[in-house]
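Numbering (the working numbering), first residue to last: 28 to 753.
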């Protein structure tokens, strides 16, 4: 579809409330990508109010049309759709019913989103199975728009309220004693399925706990939740400062918008609260956040305890198979109250309702009963411990804190680290290994070579940091009996301690899961240099014409993974000129031998004199040179992790990958990332002209570099540029 056309677009999502609210992101994203588009939304009558006052939706069609029974509703709806002659139909329901409507009304090109139904049902069937890539439902819905229009912004769901609705909510709350002087917490105790409901008694105890903390409480639900609200009210009898509201969707949304925080089960009102801009503490029972239904914003929290029987269903059930509802009853009232207090104590970034991009919430995930919990093993004393280190430079840097902790745990024993030769320089520099085994070959030959060396060292235990099958095989063939690692990749039976990777956390924290109990893991990677290495770095810069007093900005335009991680060369050329002329820097290009041609092109295109050190620095020299720099600018690659661990302020541009998992850690890190409907894709090639990287302007990177060079940020900071919304 051409962006300059004025297409008529139909978006279909019939049920349920939570999914319809999540689908509200699609019209907003399409309208931002194609402002001239005329968008119609087809949904069930009871959910039509979700789109009231929505500026991106021109019309709402009801299914079935009023006065028509469900059998003939398909034909009546198809006639309505056919009469409007839509250019594109985005079927977000993708069921036989909606497919039949589209077949009976062939007025537009039908596009569907990714359902991921097989992956979700596999999680229910196999319990411990977790897909490698976790996508939110909104991202799956936006895939339909992406297929029709190309990349669209990864907009979050939103509901829009009129001033009259907000005033009615204020009038309802006016009877609270001291209303307006204390924070207001909303409680949503209802849910469609019983296995998703935290008990009314616990919601009542939570209300009491919140009142003791001098917080007002408003308990909100729809007509179907009336019985649950009555049970909560009984447990809160004569408790001052608590209001109860049973009403329609719009009135409930207005009250939730007035709250400062909402505690909710995994239900439709949880998504409504997020859509009106209120942070949420979401309680997950029989379902899991990996299904992709969590509130997508960084101000919210998700609390979910794991058990062998969980998840028991994709959507929820009317009864618990175990009979004790342990998944919900194990959620502690004090923990929920603490999460509410944490959200209220943090400055609410302007207004959450004005933030238009998807973000990750805070995940509070309990350990799994019956399985190995993180750090549930002990290092051998005395003896030797083998570690198979990650193969890529960035991953190896992020593993350094855990390797430091393992070395500290092995006092009286020996730590044997097996690593690919491309990362050996980093591990030598960070001083994490007692003995370092260099793998010069990959594949089967590398596995056998590493195993032979390990047999000579007689290691009692081993840690497989990569989650590959070959890393566990190497340790097993090397005579290691007790192997610790993450499950999956068909290697569970080889692991004595099989852990479940916490995929919601940063890779540094994931590697920390592999460290034995009682070991303290440093916060971030650190690289160390000898006086000789620092002297050689200074000499290298002097030989290139960079004086001792020069303020150096290092530019790393390469990325081994591929083009989807490389910010355009012309942008680096412009940036070099701006930093030299406007910032007074001396620009220095760094990169590997294979990136010489790219760096040469940038140096030739730049308006300012640029020093090219590409191919002249190994990992150790790069780290030493980076420690001399005022700021380092690069793509998501191993080089930015090396620079950050060397103590240099870093500006990193993200494209196809995800900064929440792999952003560099250091004293001052600024991440520039524009999340689109297809982000993160982790592809090596892009079918959409690298729009995720193209939307990050040279001025944005220049501004970030100047800010870091002048002041520096707090350690480990993660900031984003997303179309100016944050």
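Where is the CB? At the ideal position from N, CA and C, for every residue including glycine.
Because the structure is a prediction, the values reported are computed rather than measured.
6 Å Cβ shell around residue i - same chain, five flanking residues per side excluded
| i | result |
| --- | --- |
| residue 215 | 247, 291 and 296 |
| residue 392 | 331 |
| residue 546 | 432 and 436 |
| residue 539 | 429 and 548 |
| residue 496 | 516, 517 and 518 |
| residue 311 | 293 and 331 |
| residue 509 | 488 and 523 |
| residue 35 | 65, 113 and 114 |
| residue 504 | 478 |
| residue 162 | 319 |
| residue 481 | 413 and 505 |
Span of the beta strand (DSSP E) around residue i
| i | result |
| --- | --- |
| residue 267 | Residue 267 -> no beta strand (DSSP E), and no H or E assigned at all. |
| residue 488 | 488-491 |
| residue 525 | 524-526 |
| residue 39 | 35-39 |
Cβ-heavy atom distance, residue i to the ligand MN, below 8 Å
| i | result |
| --- | --- |
| residue 460 | No copy of the ligand MN occurs in the structure displayed, which carries no ligand at all. |
DSSP bridge partner residues for residue i (one or two, in chain order)
| i | result |
| --- | --- |
| residue 662 | 680 |
| residue 441 | 411 |
| residue 384 | 182 |
| residue 329 | 309 and 390 |
| residue 433 | Paired residue(s): none; residue 433 is not in a bridge. |
| residue 86 | 67 |
| residue 139 | 118 |
| residue 213 | 245 and 289 |
| residue 272 | 247 |
| residue 568 | The partner list for residue 568 (beta bridge, DSSP) is empty, contrary to what the question assumes. |
| residue 703 | 180 |
Test: residue i CB closer than 9 Å to a CB of chain E
| i | result |
| --- | --- |
| residue 257 | Protein chain content of the structure displayed is limited to a single chain, and chain E is not contained in it. |
Local conformation of residue i per DSSP, three classes
| i | result |
| --- | --- |
| residue 709 | coil |
| residue 736 | helix |
| residue 513 | strand |
| residue 291 | strand |
| residue 613 | strand |
| residue 466 | strand |
| residue 395 | Bear in mind that a pLDDT of 47 at residue 395, under 50, signals an unreliable position, so the model cannot answer this. |
| residue 697 | strand |
| residue 176 | helix |
| residue 446 | strand |
| residue 554 | coil |
| residue 638 | strand |
| residue 717 | coil |
| residue 30 | Here the model assigns residue 30 a pLDDT of 47, short of 50, so the residue's position is not dependable, and the following value carries that caveat. It is coil, neither helix nor strand. |
| residue 202 | coil |
| residue 534 | helix |
| residue 729 | helix |
| residue 187 | coil |
| residue 100 | helix |
| residue 673 | coil |
Whole-number beta carbon distance between residue j and residue i, since they are thought to touch under 8 Å
| i | j | result |
| --- | --- | --- |
| residue 658 | residue 676 | 5 Å |
| residue 640 | residue 616 | 6 Å |
| residue 289 | residue 315 | With a Cβ gap of about 20 Å, residue 289 and residue 315 do not count as contacting. |
| residue 414 | residue 500 | Actually they are not in contact, since the Cβ atoms of residue 414 and residue 500 sit about 15 Å apart, beyond 8 Å. |
| residue 48 | residue 302 | 5 Å |
| residue 350 | residue 551 | No, residue 350 and residue 551 are not in contact; Cβ-Cβ is about 46 Å, not under 8 Å. |
| residue 185 | residue 140 | The Cβ separation is near 18 Å, so there is no contact. |
Residue span of the alpha helix (DSSP H) that contains residue i, given as start and end
| i | result |
| --- | --- |
| residue 598 | 596-610 |
| residue 254 | 253-262 |
| residue 583 | Residue 583 -> not in any alpha helix (DSSP H); beta strand (DSSP E) instead, spanning 579-583. |
| residue 352 | Residue 352 -> no alpha helix (DSSP H), and no H or E assigned at all. |
| residue 230 | 227-239 |
| residue 499 | 496-504 |
| residue 688 | 686-689 |
| residue 630 | 623-632 |
Own chain partners of residue i with C-beta closer than 7 Å, once the 5 adjacent residues on each side are dropped
| i | result |
| --- | --- |
| residue 262 | 227, 228 and 231 |
| residue 599 | 582, 584 and 629 |
| residue 626 | 584, 616, 618, 639 and 641 |
| residue 253 | 273 |
| residue 129 | 116, 118 and 137 |
| residue 10 | Residue 10 lies beyond the residue range present for the chain, which begins at 28 and ends at 753; the question has no answer from this structure. |
| residue 336 | 348 and 349 |
Contacts around residue i, its chain only, beta-carbon distance under 8 Å, and the 5 residues preceding and following it disregarded
| i | result |
| --- | --- |
| residue 542 | 402, 429, 432, 433, 436 and 548 |
| residue 644 | 567, 617 and 652 |
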